[in-house]
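Colleague: Encoded as structure tokens, here's the structure I'll be asking about.
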Amino acid sequence: MNSFHVSTQTNSPVSSSSSSFSGETTTDSGGEEECHNQIIYEPMISLGGFREGEINGKPFHIFNFLSQTDTPTSSSGAAIDSGDQDFTPVQPLFVCPSFRKTAEWRALTQENPDGSDFLPVDVFPYPYFFNKRSGDQQFRFLIGSSVYHHTCKLPLVPLFWCNNQECMPIYKEFRCGLCQSSKLSTDYYLCATCYRKFHKECIESPLEIKHPSYPFLSLKLYHPSDNSVGKWPCFCCQEVIFQKLYYCPTNKLIMHPVCAMKPIPIVIDHPKRHLHPLTFFPKQNSLACDVCGLVKEHFPTYVCARCVFVVHKDCIYHPYVIRISRHHHRVSFTSSPPSKKLSCGVCRRKVDNSYGAYACNKCDDYFVHTKCALRKDLWDGKELEGIPEEPEIVVEPLERISDGVILHFSHDHRLKLEISGAYDEEKFCQGCSLPIYEGSYYLCMDQCDFILHEACANAPCKKQHAIYAHSLTLNVGNIRFWGDLGYFYCMACGRLSTGFTYEDPKDRNGFKLDLRCASVSEPFQYKGHEHPLFLALMPEEEESAICQICQEEGEEIDNHDIRKLLTCIECNYIICFRCATLPYKARYKYDNHFLIFRKKEEGNDHHGWCDICESRIVYSRKGGFYSCDDYCSTTVHVDCLLGKHPYVKPGQMLYMRRDLVILHNKTMSRPICHGTEHRCQDKVVFKKKNMTFCSLRCT
Numbered sequence: 009m010n011s012f013h014v015s016t017q018t019n020s021p022v023s024s025s026s027s028s029f030s031g032e033t034t035t036d037s038g039g040e041e042e043c044h045n046q047i048i049y050e051p052m053i054s055l056g057g058f059r060e061g062e063i064n065g066k067p068f069h070i071f072n073f074l075s076q077t078d079t080p081t082s083s084s085g086a087a088i089d090s091g092d093q094d095f096t097p098v099q100p101l102f103v104c105p106s107f108r109k110t111a112e113w114r115a116l117t118q119e120n121p122d123g124s125d126f127l128p129v130d131v132f133p134y135p136y137f138f139n140k141r142s143g144d145q146q147f148r149f150l151i152g153s154s155v156y157h158h159t160c161k162l163p164l165v166p167l168f169w170c171n172n173q174e175c176m177p178i179y180k181e182f183r184c185g186l187c188q189s190s191k192l193s194t195d196y197y198l199c200a201t202c203y204r205k206f207h208k209e210c211i212e213s214p215l216e217i218k219h220p221s222y223p224f225l226s227l228k229l230y231h232p233s234d235n236s237v238g239k240w241p242c243f244c245c246q247e248v249i250f251q252k253l254y255y256c257p258t259n260k261l262i263m264h265p266v267c268a269m270k271p272i273p274i275v276i277d278h279p280k281r282h283l284h285p286l287t288f289f290p291k292q293n294s295l296a297c298d299v300c301g302l303v304k305e306h307f308p309t310y311v312c313a314r315c316v317f318v319v320h321k322d323c324i325y326h327p328y329v330i331r332i333s334r335h336h337h338r339v340s341f342t343s344s345p346p347s348k349k350l351s352c353g354v355c356r357r358k359v360d361n362s363y364g365a366y367a368c369n370k371c372d373d374y375f376v377h378t379k380c381a382l383r384k385d386l387w388d389g390k391e392l393e394g395i396p397e398e399p400e401i402v403v404e405p406l407e408r409i410s411d412g413v414i415l416h417f418s419h420d421h422r423l424k425l426e427i428s429g430a431y432d433e434e435k436f437c438q439g440c441s442l443p444i445y446e447g448s449y450y451l452c453m454d455q456c457d458f459i460l461h462e463a464c465a466n467a468p469c470k471k472q473h474a475i476y477a478h479s480l481t482l483n484v485g486n487i488r489f490w491g492d493l494g495y496f497y498c499m500a501c502g503r504l505s506t507g508f509t510y511e512d513p514k515d516r517n518g519f520k521l522d523l524r525c526a527s528v529s530e531p532f533q534y535k536g537h538e539h540p541l542f543l544a545l546m547p548e549e550e551e552s553a554i555c556q557i558c559q560e561e562g563e564e565i566d567n568h569d570i571r572k573l574l575t576c577i578e579c580n581y582i583i584c585f586r587c588a589t590l591p592y593k594a595r596y597k598y599d600n601h602f603l604i605f606r607k608k609e610e611g612n613d614h615h616g617w618c619d620i621c622e623s624r625i626v627y628s629r630k631g632g633f634y635s636c637d638d639y640c641s642t643t644v645h646v647d648c649l650l651g652k653h654p655y656v657k658p659g660q661m662l663y664m665r666r667d668l669v670i671l672h673n674k675t676m677s678r679p680i681c682h683g684t685e686h687r688c689q690d691k692v693v694f695k696k697k698n699m700t701f702c703s704l705r706c707t
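Using the numbering used here, you'd call the opening residue of the sequence shown number 9 and step up by one each time.
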């Protein structure tokens, strides 16, 4: 349990006046009780700014409230009888904001006719005291509703100011009751009634801030609208903001209140980054940082006039030795890359040797832009300088019993190596969920219908993948991690799968890769393109890039990430993981030959009609098809051949609000979907007792 230094004698710069609450009860002629509350208040603080001061003997720009600096506030305060007023235009200092947050949120969500992303925060009529003369039925409902039983409903609740410099709360245990963030600040408030903690900055946020990093701009207090909550990150810390924020509509600057009021050092002495002290420089619109090489408008910048050295504030503290997911060795920062033609190992673009970069000490030609190396999806956030490099421990997924006989950790029985003969659509690999088309595979020797492709059987138990910063563990289904439902959506391609998955058991967001996407590495040799493909697109480029096979843009997958894309650095060819990992060759039960995947533009009159659904190929919404051009004229749509869910296995159980079993859909009369009331046309159906569904969406 955390201990806190709690004192009613606040050192907060806002709270120069005291607050008090007293209540008396009177009875009107009708016999009903009515509360008259007296409060001590001070005027609404509307403007905040920074002054020069010292912290631990070092010069800083320190936040303060300009209204108090310009117009001193009397400590005596004024008294208001709230029983006689329906509107009190004041900002109390020691009131638990739990109920105010609820009431304010309801008001804002109902007052956004234009659909704006941000709504300005005005002086809210709070504290709001409820009596029979208030006439506000909405707030009377809120105060009595059992839905909001968890909020403080007393008009005034003391908040005590706590200094956390000595006893900082544990990161995972602290969550601000206003902004819902675990971001730590030096000071916070603690409510003595509901025991919620609040950032000092969230409680004391003025309506407007003048920030020294942006001397010609004004940051005003806004609230994200209902349709933009959780979509916008803070410009400083990059964390998503869910509640009030500071925003400049002109320059699209967004800041969390904690970041907006954080003290700014005027001079930084960091000999490891630069020999001389660095001085804060607010006007930095056209200066390129010597560490990252970027020009960041309105980003806090420090300079050394003696050396003409420019560096962003965050770049001063960049790590020196790290490991990224795109390279098998560690990389370390160098301020002076060699004078030769260099390309970034992540984005494949030119590396300017006038600025710093990360380089591999073991590979002479591997360099990475600073910005690329520190991407959150590539770097795990660990500084490795001074930490000895340990050899990687390889855990084999199988034990070789004899020639062609193995014991795989996913199955209790021994497996024997076989060579694929005639195509059997009833045989599916337990790893990737695809049928056994050709090549070698392992078959259970105890006749329990367990099959693995040879490649799937050799998939390592631990894997570092290019699109994820942390190590991934192979989950084969019988090793149940948290939230295991018997199925998952691959975070690279977005497909529903019931096979083996690579996942991070420590990641509560549920990052998962299926075996086919996990097998993709750089450079990727796609059989449908003559050049090697790379993961060279930046995250912001992936959002708008279009796959040249399916013609679809990047999209969110299960509210987690953007669908990943591969690109050719020679001809700008782009293909998504979903299309790149489709089987290039597949079998159709009524054709003895392999069908080859073709792009949509390869279609001609010879590929006119699908042999399964009998509709036109060239008018297909999808960007490809399968055909046999060498021996016969068989042509089929991708979905008709593989199904809309090609990576789910018949016989698999799914554990949802309804336990479902996946079955083959091969009866002469197609079953009727319980959700859509139409015939199920796909190759598999999902069944629950006497109900049949054509997809998970119908359940």
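From the three backbone atoms N, C-alpha and C, an ideal C-beta is built for every residue, glycine too.
Remember, predicted model here, so these are calculated numbers, not experimental data.
Taking 9 Å as the cut-off, decide whether the C-beta atoms of isoleucine 577 and histidine 537 are in contact.
Modeller: no
Colleague: May I ask which residues mark the beginning and end of the beta strand (DSSP E) holding valine 644?
Modeller: 643-645 is the span of the beta strand (DSSP E), which, as asked, contains valine 644.
Colleague: Can you pull the DSSP bridge partners for threonine 575?
Modeller: Phe542, Ile582
Colleague: In chain order, which alpha helix (DSSP H) runs of at least 4 residues are fully inside the region 620-707?
Modeller: Counting only runs of 4 or more, we get 646-650.
Colleague: Tell me whether the beta-carbon of glycine 301 lies closer than 9 Å to the beta-carbon of alanine 200.
Modeller: Not closer than 9 Å, so no.
Colleague: So does the region 518-525 actually touch the region 494-509, counting three or more Cβ pairs closer than 8 Å?
Modeller: Three or more Cβ pairs closer than 8 Å define a contact, and the region 518-525 meets that threshold against the region 494-509.
Colleague: Would you kindly report the start and end of the unbroken alpha helix (DSSP H) that includes aspartate 522?
Modeller: First-last for aspartate 522: 520-522, but that is the beta strand (DSSP E), not the alpha helix (DSSP H).
Colleague: Taking the alpha-carbon positions, what's the cysteine 210 to glutamine 251 distance?
Modeller: Straight through space, the alpha carbons of glutamine 251 and cysteine 210 are spaced by roughly 9 Å.
Colleague: With respect to the alpha helix (DSSP H) encompassing cysteine 437, which residues constitute its N-terminal and C-terminal limits?
Modeller: No alpha helix (DSSP H) holds cysteine 437; DSSP gives it neither H nor E.
Colleague: Rounded to a whole number of angstroms, what is the C-alpha to C-alpha distance between aspartate 372 and serine 479?
Modeller: 25 Å
Colleague: Report, in whole angstroms, the separation of the C-beta atoms of threonine 481 and valine 656, which I expect to be a contact under 8 Å.
Modeller: Their Cβ separation, rounded to whole angstroms, is 22 Å, which puts threonine 481 and valine 656 out of contact at 8 Å.
Colleague: Please confirm whether valine 275 and lysine 66 have their CB atoms less than 9 Å apart.
Modeller: yes
Colleague: Verify whether the separation of the beta carbon atoms of alanine 3 and leucine 543 is less than 9 Å.
Modeller: One cannot answer for residue 3 here, as it falls past the ends of the chain, which runs 9 to 707.
Colleague: Going by beta carbon distance, what residues of the same chain come within less than 8 Å of aspartate 277, once the five residues before and after it are set aside?
Modeller: Shown here for aspartate 277: same chain residues with a beta carbon closer than 8 Å to its own, the five before and five after excluded, namely Pro285, Leu286 in chain order.
Colleague: What residue does the beta strand (DSSP E) around cysteine 267 start on, and which one ends it?
Modeller: Premise fails: cysteine 267 lies in the alpha helix (DSSP H), 265-268, not in any beta strand (DSSP E).
Colleague: On the premise that valine 339 lies in contact with alanine 367, defined as a C-beta separation below 8 Å, what is that separation, rounded to the nearest angstrom?
Modeller: 6 Å
Colleague: Work out the CA separation of alanine 465 and histidine 419 for me, nearest whole Å.
Modeller: 11 Å
Colleague: May I ask you to report which of helix, strand or coil DSSP gives histidine 615?
Modeller: helix
Colleague: For alanine 594, which residues does DSSP report across the bridge?
Modeller: Leu603
Colleague: For glutamate 305 and cysteine 244, what's the separation of their Cα atoms in angstroms?
Modeller: 12 Å
Colleague: Taking the runs of the alpha helix (DSSP H) that are 4 residues or longer, which of them lie wholly in the region 453-512?
Modeller: 462-465
Colleague: Can you give me the C-alpha to C-alpha distance between valine 484 and proline 290, rounded to a whole angstrom?
Modeller: 54 Å
Colleague: Skipping 5 residues on each side, what residues in its chain have a beta carbon closer than 6 Å to that of methionine 661?
Modeller: Gly494, Val669
Colleague: What does DSSP give as the partner residues of tryptophan 387 in its beta bridges?
Modeller: Ile332
Colleague: Do leucine 590 and leucine 541 have their C-beta atoms within less than 9 Å of each other?
Modeller: no
Colleague: Out of Arg334, Ile444, Glu433, Leu350, which has the shortest C-alpha to C-alpha gap to valine 528?
Modeller: Arg334
Colleague: Drop a sphere of 10 angstroms on the beta-carbon of isoleucine 427, count the other beta-carbons inside from all chains shown, and report buried for 16 or more, exposed for fewer.
Modeller: exposed
Colleague: Looking only at DSSP bridge pairs, what is cysteine 312 linked to?
Modeller: Phe317
Colleague: Alpha helix (DSSP H) containing alanine 381: first to last residue?
Modeller: Judged by DSSP secondary structure, alanine 381 falls within the alpha helix (DSSP H) whose first and last residues are 378-381.
Colleague: Would phenylalanine 532 and alanine 594 be called neighbours here (beta carbons separated by less than 9 Å)?
Modeller: no
Colleague: Would you list the residues sitting across from serine 448 in a DSSP beta bridge?
Modeller: Ile427, per the DSSP bridge assignment.
Colleague: Quick one: give me the first and last residue of the beta strand (DSSP E) that glutamate 548 is part of.
Modeller: That residue, glutamate 548, is in no beta strand (DSSP E); its alpha helix (DSSP H) goes 547-550.
Colleague: Whose C-alpha, out of Lys696, Leu386, Val692, Thr684, is nearest the C-alpha of arginine 705?
Modeller: Thr684
Colleague: Can you check which of these residues, Glu60, Ala268, Ala463, Asp637, is closest to leucine 425 by C-alpha distance?
Modeller: Ala463
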